[in-house]
Amino acid sequence: MRMMLIGQRYRCQNVECGAEIEVKKASIEGRSNPRCCCGAEMKKPYTQPVLRTFGKDATVASEFQHGGDRR
Numbered sequence: 014m015r016m017m018l019i020g021q022r023y024r025c026q027n028v029e030c031g032a033e034i035e036v037k038k039a040s041i042e043g044r045s046n047p048r049c050c051c052g053a054e055m056k057k058p059y060t061q062p063v064l065r066t067f068g069k070d071a072t073v074a075s076e077f078q079h080g081g082d083r084r
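In my numbering, each number is its position in the sequence shown, counted from 1, plus 13.
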């Protein structure tokens, strides 16, 4: 089940069309991706994940490893 949330963008998968929409009002749960006016399926564009490294001051990582208890 999919739910379209405010601010999400969807792009038409038809290269000749290329339409894009931005969700302005959340939807109820649906069974598939939205369809474009040309009939093709629309999907969210790929966003590359952001990787972060921890420095010497990694209190968040320390708390995670110890279940929130500081020892």
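Every residue gets a Cβ at the ideal spot worked out from N, C-alpha and C, and that includes glycine.
Which residue's Cα is closest to the Cα of residue i: the options?
i, options, result
"Ser40", "Pro58, Gln61, Gly20, Glu54", "Gly20"
"Leu51", "Glu42, Asn27, Pro62", "According to the sequence displayed, residue 51 carries Cys and not Leu. Closest option to Cys51, Cα to Cα, is Asn27."
"Lys38", "Gly68, Pro62, Arg22, Cys49", "Arg22"
"Glu35", "Gln61, Ala53, Cys49", "Cys49"
Tell me where the beta strand (DSSP E) around residue i begins and ends.
i, result
"Glu35", "33-35"
From residue i to residue j, what does the alpha carbon distance come to, in whole angstroms?
i, j, result
"Met17", "Tyr59", "16 angstroms"
"Gly43", "Arg65", "34 angstroms"
Determine the DSSP secondary structure at residue i, reduced to helix, strand or coil.
i, result
"Gly43", "strand"
"Lys56", "strand"
"Arg84", "With a pLDDT of only 48 at Arg84, under 50, the local geometry of the prediction cannot be trusted, and no value is derived from it."
"Cys25", "strand"
Our contact map puts residue i next to residue j with C-beta atoms below 8 angstroms; I'd like the distance itself, whole angstroms only.
i, j, result
"Lys56", "Arg24", "6 angstroms"
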